[in-house]
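**Q** I have a structure I would like to understand better, so I am pasting it below and will then ask my questions one at a time.
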Amino acid sequence: MAIAPAITHLEQLRAEAPIAQLLAWRPDAVTGAKLDRSELTIELRAPTIREACLLLRDDASLRFNFLSDLTCVDWYPREPRFDVVYHLLSIPRRARVRLKVRLAEDDACVESVTSVWPSANFFEREVFDLFGVRFLGHPDLRRIMMPEDWQGHPLRKDYPVEGYR
Amino acid sequence: MATAPTLTPGHEGTLVLNMGPQHPSTHGVLRLVLEIEGENVVRMMPDIGYLHTGIEKTAEAKFYQQVVVLTDRIDYLCPLTNNLCYVLAVEKLLGLEPPPRAQWMRVMLNELSRIASHLVWLGTHALDIGAMTVFLYCFREREDILRLFEMVSGQRMMTSYFRIGGLALEPPLGFFERVRRFADLFPSRVDEYEALLTGNRIWIERTRGVAHLSAEDAVALGVTGPSLRASGVDIDLRRDMPYSAYDRFQFKVPVSQEGDVYARYLVRVQELRESIGIVRQALDGMPEGPVKADAPKVVLPDREKMKTQMEALIYHFKIVTEGFAVPAGEVYQAIESPRGEMGYYVVSDGTAKPHRVHMRSPSYANLQALPRMCEGKLIADVVAAIGSIDIVLGEIDR
C-alpha cells in the first residue's frame, strides 16, 4: 500500500465540498489545504474559526454535526508556534474533515467553539491546561488535569519530560 | 483539580457533597462535586486529573514501536483496542498493510476485548445498583478471556500483542480450539445475565427512565459508542467507516430510542451477543499465511532468521536501537472501542519518534454528558448514571 503523493495546493482542492463552501462564504478565511492519505485538512485564519465551524455544522450539504476531537500541536521553535487542530465528523454523511489554525506564541488565543459544539468544553480546557492556548468566550476556562497552582504547560515541547525539578 | 464551586444562586439550603475520588461507584479516581438540595442534585461538576500517566508526553520521547506498550496503559479494560488504534494510525502514516491473517486476528481479539470490557462494565454496574451475583458471573467469563489473552501474548492485561505491520507472534497451538470452546459457551452465559437482570423488577425500577439523554444532547456533548446508540443515533465505526477486516463481517448494530440507563444496558448486552458472533465468523474464516507484513525495515524478523541471515540480524539491531523513520504527515485514525470513538491523532516530522500522539478517548467526552443526565434528578440515580456510561478513568487522564 504505497502512499499517494499529497495534494497541497488549494487551487487543486477547490472542488472539495467543505473547501468550496468555505471559499464561497469567505475567500480570505482559507489559507491552505491538503489532501494526504485520504484525509482532508483545511487551514483557516484563526479569527474565522468559530464562524467557519458554524457554517460546516449547519450547511445542508455538509452537516458536520459532531466534534470528534480538538487538540494542539507545538512546533517549537517554529513561529507561529501552535497548531490548534479540530476533527469534525458528519454523522449523517459518515465523512470527516480536519481544520487547523496557527497561533503565535505571544498571542496564543483563539475563539472558543463551545457555542457550536458544547463538547468542545473539556477539549479546550485540556489544550489550555497542557499547552497554554487560551480560548476566548469559553464558559469555564480552568485547568482540567493539573492542579490550579501548577506552573507551566506540560505538553509544550520546551517543558522537560521529567518536569522541572 | 478544582475546589468546591460557589453555590447556585436561588437555591438556599444547598450543600456541596464530594463523591469520590475513591468512591467505589466512581470506577477509578473521579471526583464528582455535587451541589445537593435534599436528595436532589442541583449541580454537578466532574473533577478529573489524578492519574497523571503522562502518556502523550512520554510517547514523544519513544520510538514508534515503543509507544505500543504505552497504549496498553490508557484503557486497562481493553488494551488491545488501544494497541489496534495506534498501530493502524502508524501503518497509515507508513503506507503499510498487514497480511489478511493478522487483520482477522485483530478483529477477533478486539471483539474478545469488547466482551471482556463489557463484562467488567456489567458486573460493576450491577454491583453499584446492588446486584452481587452478576458481578461474580461476569468476572468468571472475563477470566476465560484473560486466559486467552495470556495464551496468545503472555500477558493477561498489558498485552502489547499488536505490532506495526501485524502481530507479535503466530497464535500458539490449541489457541483457536480454546476460543471456539469459549464462543460455544458464552451465549448461554449471556442468557444467565439477562435472566438475572432484564426482567428483574428492582433492576427495571432503578434503571428505566433514569439519567435520560436525548439524541440531540448526546451528539452536542460528544457522546459516542453504546451510550450514543442507546439515545437513538445509529452509528458504529466498525460498520460505517470500517477498518482492519471489519468490512468482511456481518453483524447488527443494536440501537435503542429510550436514552436511559436501561437502554444503555440493553444495547451493551446485545453487543455481547453480536461480538461473539463476530468471533465465531473470524474462527470460521481465518485466513492462512503470515502474521507480519513483509517490511524488513519496520517489522522485526523472526528469531530463526536471525540465526541464519546476516541481513535479518542487522535489521533487528537497527530497528531496536534506532527505530524506523516514518514519512512526515499526520493521520487521525478512529475505531469503535467498547466505550465509543477511540481516536489516535499521530503527527510525524519524518524522524523515528512521533512529533505528537494525541488520544481522543471516548470516556473523556462521554463524561461531559454526566451533569446533563443527573442535574435535577435524585442523588441515588447518580450511581446508576456513572455506571451506565461505562467510565474508565485511565483514558480520561493524560
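Each protein sequence line maps, in turn, to chains A and B. Take 1 as the starting number for the first sequence in the numbering used here and just add one per residue. Take 1001 as the starting number for the second sequence in the numbering used here and just add one per residue. Think of the CB as a built atom: it goes at the ideal place given N, C-alpha and C, for glycine as much as any other residue.
Starting from residue 1334 of chain B, find everything on chain A with Cβ-Cβ shorter than 9 Å and list it in chain order.
**A** Your numbering for residue 1334 of chain B matches position 334 in the second sequence. Within 9 Å Cβ-Cβ: 68, 69, 87, 89, 96.
**Q** If we call anything under 9 Å between Cβ atoms a contact, is residue 1190 of chain B one with residue 1276 of chain B?
**A** Stepping through the second sequence from its first residue, residue 1190 of chain B is reached at position 190. Stepping through the second sequence from its first residue, residue 1276 of chain B is reached at position 276. A contact, by the Cβ cut-off of 9 Å.
**Q** Helix, strand or coil: how does DSSP classify residue 1034 of chain B here?
**A** Counting from 1 along the second sequence, the entry for residue 1034 of chain B is found at position 34. Reduced to three states, the DSSP call for residue 1034 of chain B is strand.
**Q** Could you check the C-alpha separation between residue 1039 of chain B and residue 159 of chain A for me, to the nearest Å?
**A** As a working mapping, residue 1039 of chain B is identified with position 39 in the second sequence. As a working mapping, residue 159 of chain A is identified with position 159 in the first sequence. Computed Cα separation, rounded: 45 Å.
**Q** I'd like to know whether the C-beta of residue 155 of chain A is nearer than 9 Å to at least one C-beta of chain B.
**A** One-based indexing of the first sequence puts residue 155 of chain A at position 155. By this cut-off, residue 155 of chain A is an interface position.
**Q** In chain B, what lies closer than 7 Å to residue 77 of chain A by C-beta?
**A** In the first sequence, the residue the question calls residue 77 of chain A occupies position 77. Per Cβ cutoff of 7 Å: no residues; residue 77 of chain A is ~13 Å from chain B at best.
**Q** Once DSSP output is grouped into helix, strand and coil, what is the label at residue 1078 of chain B?
**A** Locating residue 1078 of chain B in the second sequence gives position 78, counting from the first residue. DSSP places residue 1078 of chain B in coil when its eight states are reduced to three.
**Q** Just verifying my parser: in three-state terms, what is the DSSP assignment at residue 111 of chain A?
**A** For the purposes of this step, residue 111 of chain A is taken as residue 111 along the first sequence, with counting starting at 1. Residue 111 of chain A: strand per DSSP, three-state reduction.
**Q** Which residues of the region 1011-1031 of chain B have a Cβ closer than 9 Å to any Cβ of chain A? Give them in chain order.
**A** Within the region 1011-1031 of chain B, no residue qualifies.
**Q** Report the neighbours of residue 124 of chain A on chain B: residues whose CB is nearer than 7 Å to its CB, in chain order.
**A** The count along the first sequence starts at 1 and reaches residue 124 of chain A at position 124. Those within 7 Å of residue 124 of chain A in chain B number zero; the least Cβ separation is about 12 Å.
**Q** Have a look at residue 151 of chain A and residue 1362 of chain B and give me their C-alpha separation to the nearest angstrom.
**A** Here residue 151 of chain A corresponds to residue number 151 of the first sequence, with the count starting at 1. Here residue 1362 of chain B corresponds to residue number 362 of the second sequence, with the count starting at 1. Cα to Cα, the separation comes out at about 28 Å.
**Q** Residues in its own chain within less than 6 Å of residue 1212 of chain B by CB, not counting five upstream and five downstream?
**A** Taking the first residue of the second sequence as 1, we reach residue 1212 of chain B at position 212. Cβ within range, chain order: 1259, 1260.
**Q** Can you name the residues of chain A whose CB is closer than 8 Å to the CB of residue 1343 of chain B?
**A** Here residue 1343 of chain B corresponds to residue number 343 of the second sequence, with the count starting at 1. Chain A residues near residue 1343 of chain B: 68, 69, 87.
**Q** Please decide whether residue 159 of chain A counts as near chain B, where near means a Cβ-Cβ distance under 9 Å.
**A** In the first sequence, residue 159 of chain A corresponds to position 159, counting from 1. Chain B contact via Cβ: present.
**Q** In three-state terms, what does DSSP make of residue 28 of chain A?
**A** In the first sequence, residue 28 of chain A corresponds to position 28, counting from 1. In the structure shown, residue 28 of chain A sits in coil (DSSP, three-state: anything other than H, G, I, E or B).
**Q** What are the boundary residues of the alpha helix (DSSP H) that includes residue 1110 of chain B?
**A** Here residue 1110 of chain B is taken as the residue at index 110 of the second sequence, counted from 1. 1100-1129 is the span of the alpha helix (DSSP H), which, as asked, contains residue 1110 of chain B.
**Q** Whose C-alpha, out of B/1370, B/1147, B/1237, B/1391, is nearest the C-alpha of residue 93 of chain A?
**A** Sequence index remark: in the first sequence, residue 93 of chain A carries index 93 (1-based). Among B/1370, B/1147, B/1237, B/1391, the Cα nearest to that of residue 93 of chain A is on B/1237.
**Q** Please go through the same chain and pick out, in chain order, the residues whose beta-carbon is closer than 6 Å to the beta-carbon of residue 1217 of chain B, but skip the five residues on each side of it.
**A** Your numbering for residue 1217 of chain B matches position 217 in the second sequence. Within the same chain, residue 1217 of chain B has close Cβ partners 1372.
**Q** Considering only the alpha carbon of each residue, which of B/1146, B/1166, B/1262 lies closest to residue 1159 of chain B?
**A** Reading the second sequence from its first residue, position 159 is the one you call residue 1159 of chain B. Comparing Cα-Cα distances from residue 1159 of chain B to each of B/1146, B/1166, B/1262, the minimum goes to B/1146.
**Q** Please report how far the alpha carbon of residue 1296 of chain B lies from the alpha carbon of residue 1319 of chain B, in whole angstroms.
**A** Residue mapping note: residue 1296 of chain B aligns to position 296 of the second sequence, counting from 1. Residue mapping note: residue 1319 of chain B aligns to position 319 of the second sequence, counting from 1. So the alpha carbons of these two residues sit roughly 9 Å apart.
**Q** Do residue 1107 of chain B and residue 1086 of chain B have their CB atoms nearer than 9 Å?
**A** Numbered from its first residue, the second sequence carries residue 1107 of chain B at position 107. Numbered from its first residue, the second sequence carries residue 1086 of chain B at position 86. Cβ distance not < 9 Å, so residue 1107 of chain B and residue 1086 of chain B don't count as in contact.
**Q** Can you tell me where the beta strand (DSSP E) with residue 87 of chain A in it begins and where it stops?
**A** Against the first sequence, residue 87 of chain A aligns to sequence position 87. Looking at the DSSP string, the run of the beta strand (DSSP E) that includes residue 87 of chain A is 82-90.
**Q** Just list the alpha helix (DSSP H) runs in the region 1304-1363 of chain B, keeping only unbroken ones of 4 residues or longer that don't cross its boundaries, in chain order.
**A** As far as the region 1304-1363 of chain B is concerned, its whole alpha helix (DSSP H) runs of at least 4 residues are 1310-1322.
**Q** Could you please give the first and the last residue of the uninterrupted beta strand (DSSP E) stretch that includes residue 43 of chain A?
**A** The sequence position of residue 43 of chain A within the first sequence is 43, counting from 1. Note, residue 43 of chain A: beta strand (DSSP E), 39-44.
**Q** Does any residue of chain B bring its CB to less than 9 Å from the CB of residue 119 of chain A?
**A** Numbered from its first residue, the first sequence carries residue 119 of chain A at position 119. Residue 119 of chain A counts as touching chain B.
**Q** Which residue comes first and which comes last in the alpha helix (DSSP H) that contains residue 1132 of chain B?
**A** By one-based count along the second sequence, residue 1132 of chain B stands at place 132. Element bounds for residue 1132 of chain B: 1132-1153.
**Q** In the DSSP output, what is residue 95 of chain A paired with across the bridge?
**A** The sequence position of residue 95 of chain A within the first sequence is 95, counting from 1. Partner(s): A/90.
**Q** Below 8 Å on the Cβ atoms is my guess for residue 97 of chain A versus residue 49 of chain A; work out the distance and round it to an integer in Å.
**A** Here residue 97 of chain A corresponds to residue number 97 of the first sequence, with the count starting at 1. Here residue 49 of chain A corresponds to residue number 49 of the first sequence, with the count starting at 1. About 13 Å separates the two Cβ atoms, so there is no contact after all.
**Q** Would you mind working out which of B/1175, B/1287, B/1214, B/1195 sits nearest residue 1153 of chain B, comparing C-alpha positions?
**A** Position 153 of the second sequence, counting from 1, holds the residue named residue 1153 of chain B. Checked all of B/1175, B/1287, B/1214, B/1195; the closest Cα to residue 1153 of chain B is B/1175.
**Q** Is it buried or exposed, residue 1049 of chain B, if we count other Cβ atoms within 10 angstroms and call 16 or more buried?
**A** Within the second sequence, the letter at position 49 stands for residue 1049 of chain B. Its Cβ being crowded by 16 or more others within 10 Å, residue 1049 of chain B is buried.
**Q** Just by C-beta distance, which residues in the region 1081-1095 of chain B are closer than 9 Å to chain D?
**A** Looking for chain D here will not work: the only protein chains present are A and B.
**Q** Under 9 Å, Cβ to Cβ, is there at least one residue of chain A near residue 1292 of chain B?
**A** Here residue 1292 of chain B is taken as the residue at index 292 of the second sequence, counted from 1. So no, residue 1292 of chain B is outside the interface.
**Q** Can you pull the chain B neighbours of residue 130 of chain A, defined as C-beta to C-beta under 7 Å?
**A** Reading the first sequence from its first residue, position 130 is the one you call residue 130 of chain A. The answer, in chain order, is 1398.
**Q** Cα-Cα, which of B/1266, B/1053, B/1278 is closest to residue 146 of chain A?
**A** For the purposes of this step, residue 146 of chain A is taken as the residue at position 146 of the first sequence. The shortest C-alpha separation from residue 146 of chain A is found at B/1053.
**Q** Please list the terminal residues of the continuous alpha helix (DSSP H) segment that includes residue 1373 of chain B.
**A** The sequence position of residue 1373 of chain B within the second sequence is 373, counting from 1. It spans 1370-1374 - the alpha helix (DSSP H) in which residue 1373 of chain B sits, taken as one unbroken run.
**Q** How would you call residue 1252 of chain B, buried or exposed, if buried means at least 16 neighbouring beta carbons within 10 angstroms?
**A** The residue given as residue 1252 of chain B occupies position 252 in the second sequence. Exposed, since its Cβ has fewer than 16 Cβ neighbours within 10 Å.
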